[in-house]
Each structure stands twice: as structure tokens, then as C-alpha cells.
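> Below: one structure in C-alpha cells.
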Amino acid sequence: MASDDFDGKTDTHENDSTDTNGTSIIIDDDDPIVQEIPVYLAKGLANNLYLLQYPLRPAHMPYDGKSVLETRMKGEQLEMTIGLETRGAAGQHYSQSKGMQYSGLTGGVMDKIVLSSQSSKPGDMSRYVAGVFKDNQIHLTPLKGIVQLRPCLRHIEKLNESGRVPGAGGVGAVSDGETTATESEEEEAKPVTVRFAKAGAKDKQKAEPEEPWKTLSYHSLESNEATVERELLFAGDDNHTEEFSVTPSEYLDMVCPVETMQKSASPLGPSDVLSLTTLKTLPYEKQVIELMKKAVVLSFDYVCMLLSRGKGERGSVLEYLQKCSLLVQGCWVVHSALLLTKESSSLRNARDYILWCFTQQHTITRKDLAAALKITTQQLRDILKPIACQRPEGGWQFRMERDHDFISKYPQVVSSQESLWQRRHTELVQVYGLGTSPSAPLSTSASEGKTASGSRTKSSQPSEAKIDFTPARTRLLQPNQLDVDRTGSNASSLKDFCRTTIGRTVVSFSELKERLLRHQSSLAKDNPMRGQNVTNDLLVSTLKDVGCVELGQAHSKRLFVIPSIGDHTDPYRLAIIDLLKTSKSLKRKQVVDAISSHNVTFDNKVLTSVLRDLCNSRGAQWHLKGTI
């Protein structure tokens, strides 16, 4: 931090620069940024994580988890019974005489203590999180509640209720029915007073509604169950940020909503600023409609996240989405009739035709669309901008990545949307007078390509390809298909790219395709590889040619790895990859046993290096990269 001292002089070592808006920015060289640490939000325990505090226990003397005898909960009250060491070195501070004084009330020597809390919801918990720092990353998990546990002195309450005092039955004790002369005189001289007893603990318990105690399972810090739960404090590697088609100012209003005091404001619409605070005051179905009208295209998970809907309400969200949106590439796009309310029906038909094209291909060309739809270039751009991105090498690419998770989880919805698109396509064919196989607005080159029905066609025109305009389920579910010549220098360049990209680690198929597109766009214009496109089948075939093995068959993602890279680590890699073919997580002992069976001289450093190339460490296990 910069020093707060000020000596009245102006520092001459500060740099005065100006940003793009002309604002002067002062950079203090004495207070440099030492390190930037990424912060992740983990949601695995977001609704179940409590912080237990022990205000009366010294920090250097924590309770031993092994001594916890029982844990139970009733409503918002938590009780934890902890055993006390009464003998031996651990019980050197235990008073045997005091323990015996309460033996008549506790049924034996007092060898346990009860910790109790009265409330586990201290007001607004949105400001509190639990953080874990590991591998130069900070992972934060929201807290559900903070519980303070204090000793519950029930043995003292029982003494007060019974009228006994510590030491009863010992030396100097007076038995029942015996009274000394002095005590008799004091009792005779004692004035009569009226006292009102305060409500005790029992009275409070009677006033509360009866609720059964729920016994909880307690796992110590070193247990396997605790280790597994601690892994949920880390955000998974597959967390990704959806691309949201809003302007920076609109995004700021969404993450920092400000309630307006103007009650006469017009209803929300596509041209209004969307405030989540105002949005949530609307009926549930209206929330979904207004959100889709503003965002235009969103994934199902992102809609649920913005509306703060849990798993139990996802069915309602899906029902309302089908009323106001259409499914494209596994994502939801708002109906043309809701978005283009003031425009003519011809523009709505044109937009539906473009959306249908995106159900068939991930990339289309603007030139062929304008010719087929008979609309101006500006009108076409206005339709494409909210739903697609322009590629540097030409063509328009659908704004969202294909949502394979939604497609696999909701096959009935996908089938229903497919039927809807078939009916809509039949109407569009009649409106525009299209044939069964017109020129398709696809960004494919001269070589062959697959049709929607799976057959192959040839085209002599470099910018056109012939496809069947009948939608097919296989076409809807398959990723974007590109084409390239399998022979010659292009094939060799593709193999070199795959070897270099994968190298010693694990790469998913989707990530490999993204890197390939970026690599092609960075090539010189006269490079033949830049103008060529690669089909998914060709890319998989090339991966097999360079010796890659697919590990995604046992997992949700298609993951590729090169088993042999030609050095001393190959025996280790082969043993680990064989194990990863059947299980996405390994224990170090499993790997050591597998390597030993290959008659290889064991080297712990080499093993650790290979494990880091192929897996991510979480607790006591190694997980295949791309699966957590």
C-alpha cells in the first residue's frame, strides 16, 4: 500500500498519462502491482456451507474432532456433544473432585460437555464468503450461515433447580431434617419477601413449538468424506462465461441494478434499460419474456442464473422459454414476432429463415442470404448483429457455442423444437419460392461437404455448397462441419498443428477447433491453409493419424491425448492413460502399482511431472484434465 505520510512536496517520480477519454491518470511508481491473483466463485456448497465459531475457546486450543460424540440440530439450534479426557496425560487439567460433585445429577462422572447455539442465521449473509487460496488462485464460496457455539451449563441449572450446592454430601454437609440453633434463629428473624422468578430455560423450551431433534453425521478433518467435501470449495475448470449480447452500459445496469422512483415509467421493452431489480417485480412468465427480448439469445443455464432460479424451478423456466423463444444450437433465441413488433412480416420471415440456417450450420454468409431473402444489406446486418458474430475470414458465426449439455439433458424439448422448425421451414419455402436444394448460405469452400441428410455433394463454385433444406435431427445435433483436402501440404500442416497443440497435455475437441480457427485466421492471406476448412470427421481422423487417443468415451467431453511422445516418460504416460480410459480420477498408489507392473525403474519426480501434464490435483486424487 502507498504511504499515508505527506510532507507537502509533490513527488516527481509519478507518471502522468492520459486515457482515451482525455482523463488524466496518475501512476504511482512507489505502489506497483506486485501480483495479480484470479478469483473464482465456487457454487458446490453455496447453499450448505456454515461457519462454526467458538468464541470462548482459545484459537491455539481447538476442539479435537475425534472427541465429538454427537451432533444434532433442531430448527436453527445446533448442539454438539464433546467428550472430556478425565484420566492420563490428556486429563491432567481435569478436576476429579468437581466431576464427582455432579455425579449424582449426570449419572456418573461428568465426562462430556455440550456446546449449543441459538441461531444460525445472523441477518444478511450475502456479504460473507469462505475463501481458499491454492495454486495462486482464490476460490470463494458464499456462506449460508454463521453459528457460534458456546458451552451449555445444564449441570449448573440442575443444581439450582434441585437446591443443592457444590460440596453436598461432603465434610460439613447438613443432612435433611437437621437444623442448627443459629440457623433457626436466622430463619425466625428473616422477613417475609415476595419474589418473582424469571423464566428459566425450561419455560422457554415449553413456549417453543415441539420439534424433534435431527441427528447429524460428524466427519473429522482427516476423513475421506471431509476431503471430498473440501474439493467442492474449488471452482471447476469447466466453468465458462457465456457471451452476452448486450452493450457495456446495459451489462453494468444488470450487475449493479438501480431502482427507479418514476412510477410512470413505460413498460420494459427492447429499447429500455433492463434492470434485474425491476425485472423481478414482474410476474414469473413476464420476467422470462422481457429478459429474452433484451438479451435476444441466451443459454438455458444462464437464464436460470439471471433469474435466480434453483433446480426445482427450472421446469417452469423451460416451459416459458418454449412460449417466447426458439431453440438454435441448443440455445434459446427470442421469437421474431416479439422482437420485430413494428416491422413488416417480410422482415420477420427473413429473420426466421436466418435462424433456421443457423440450426443447420454454425456459420453462414451474408451475401447469399441477401440474394435469397430480397432485403437490403443494412436490414440483414441489423438482423444478424444480435445473434451472430462476423468472422475475420468471412461469414457470420452464431453468437453462442452449441449447448451440448442442454441437448443431452432435454431430448424431448429438442425433438419438439425440431418439429416446430420443420413446419416453419415449409412455410418459408412457400414464401420465398425455394426449391428442395437451393444454394445454401454456408461458408464452405469448393470441396465436398455433407448434406443435412448425410449424403455428399460436389460444387464447382468456391462460395456455394448444395444442401438439402429439410431439417434433420442429426443435423441439429452435430457440430459445425468444415471441409479440407486430405492430401498434400494442407494435411501435413494440420498434423503438425495437432501435434504442437496437444503436446504433452490433454486437449478437448471443442478447444482444439477453436485454436484451429484462430490459427488459420492468423496465417498470411496467401497461405493455402488459411482458405481451407476442416470437417469434424477429418479433424478426428487427423488426430488418430498422429497417434492421439480419445479419453472422452467414459466422460461427458471428447478429450484427446498423445500417449507416446518419444522420451523417457512414455512408460509412465502409457500406464496413466490406460487407467484414465476407465476412470477420470486416480489415486497415486494406483499409478505406482500400474507403473511397477510395467517393469520400469520408478522415479517419483518423473511420475509427478507426468501426472501434472495429464491431470489436475484435487485433495488426495488426480483428476483427468477437462473433467473438473
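Its first residue numbered 69, the sequence shown is counted upward by one per residue in the numbering used here.
No residue lacks a Cβ here, since even glycine has one placed at the ideal position from N, Cα and C.
#1: Taking only the alpha-carbon atoms, compute the straight-line gap between Leu415 and Trp464 and give it to the nearest angstrom.
#2: The alpha helix (DSSP H) with Met168 in it runs from where to where?
#3: Could you tell me the alpha carbon to alpha carbon distance between Val617 and Ile630, rounded to whole angstroms?
#4: Tell me whether Gly687 sits in a helix, a strand or coil according to DSSP, three-state version.
#5: Can you list, in chain order, the residues of its chain whose CB lies under 6 angstroms from that of Thr149, leaving out five sequence neighbours each side?
#6: Considering only residues of the same chain and omitting the five flanking positions on each side of Thr248, which have a CB-CB separation below 6 angstroms?
#7: Write down every uninterrupted run of the beta strand (DSSP E) in the segment 573-657 whose length is 3 residues or greater and which is fully enclosed by it, in chain order.
#8: Quick check on DSSP: helix, strand or coil for Tyr196?
#9: Quick one: residues in its chain with C-beta nearer than 6 angstroms to the C-beta of Val614, no 5 flanking neighbours on either side, listed in chain order?
#10: For the alpha helix (DSSP H) holding Glu486, just list the boundary residues, first then last.
#11: If you compare alpha carbons, which of Thr573, Ser590, Pro454 is closest to Leu679?
#12: If you follow the beta strand (DSSP E) that Ile181 is in, where does it begin and where does it stop?
#13: Count the other CB atoms, across all protein chains shown, that sit within 10 Å of the CB of Thr283; report buried if there are 16 or more and exposed otherwise.
#14: Within 10 angstroms of its Cβ, does Gln330 collect 16 or more other Cβ (buried), or is it exposed?
#15: Going by the DSSP bridge assignment, what does Pro210 pair with across the sheet?
#16: Taking C-beta to C-beta, are Ile455 and Arg467 nearer than 7 angstroms?
#17: In three-state terms, what does DSSP make of Pro707?
#18: Between the segment 431-447 and the segment 392-402, do at least 3 Cβ pairs fall closer than 8 angstroms?
#19: Go to Ile422, then tell me how far its beta strand (DSSP E) extends in each direction, as first and last residue.
#20: Are the segment 340-355 and the segment 441-450 in contact at 8 angstroms, needing three or more beta carbon pairs?
#21: Output needed for His308: all residues of its chain with C-beta closer than 6 angstroms, excluding positions within five of it in sequence on either side, in chain order.
#22: Report all residues from its chain with a CB closer than 8 angstroms to the CB of His403; omit the five preceding and five following residues, and keep chain order.
#23: CA-CA distance, Trp489 and Phe368?
#24: Does the Cβ of His128 have 16 or more other Cβ atoms within 10 Å, making it buried, or fewer, making it exposed?
#25: In chain order, what residues of the same chain lie with their CB nearer than 6 angstroms to the CB of Tyr108, ignoring the 5 residues before and after it?
#26: How many Å lie between Leu408 and Val499 at the Cα?
#27: Please say whether Lys212 and Asn292 have beta carbons closer to each other than 7 angstroms?
#28: Pop quiz: Ser194 and Gln216 are said to be a contact at Cβ under 8 angstroms. What is the actual Cβ separation, rounded to whole angstroms?
#29: Just the C-alpha distance for Arg491 and Ser413, rounded to the nearest angstrom, thanks.
#30: In whole angstroms, what separates the C-alpha of Ile422 from that of Leu437?
#31: Taking the continuous alpha helix (DSSP H) assigned at Thr295, which residues delimit it?
#32: Counting only the same chain and skipping the five closest in sequence on each side, list residues whose C-beta sits under 6 angstroms from that of Tyr162.
Walking through what the data contain:
#1: So the two alpha carbons sit approximately 18 angstroms from each other.
#2: 164-169
#3: 6 angstroms
#4: coil
#5: Only Leu137, Glu138, Lys180, Val182 meet the Cβ criterion.
#6: Here Thr248 scores only 45 on pLDDT, less than 50, and its place in the model is too uncertain to base an answer on.
#7: 574-576, 627-629, 653-655
#8: coil
#9: Lys563, Cys566, Arg567
#10: 479-500
#11: Thr573
#12: 180-184
#13: So Thr283 ends up on the exposed side.
#14: A caution first: Gln330 carries a pLDDT of 38, below 50, which makes its placement in the model too unreliable to give a value.
#15: Val197
#16: yes
#17: The structure shown does not extend to residue 707, since the chain is modelled only from 69 through 696, so no value can be given for it.
#18: no
#19: From DSSP, Ile422 is part of no beta strand (DSSP E) but of the alpha helix (DSSP H) over 413-428.
#20: no
#21: Confidence is the limiting factor: at His308 the pLDDT is only 47, short of 50, which leaves the residue's position unreliable, though a coordinate-based value still follows. Result list for His308: empty, nothing under 6 angstroms.
#22: Cys392, Ser393, Leu394
#23: 19 angstroms
#24: exposed
#25: Closer than 6 angstroms at the Cβ level, and outside the excluded window around Tyr108, lie His207, Ala303.
#26: Cα to Cα, Leu408 sits roughly 18 angstroms from Val499.
#27: no
#28: So it is not a contact: roughly 19 angstroms between Cβ atoms.
#29: 17 angstroms
#30: 8 angstroms
#31: 292-299
#32: Thr154
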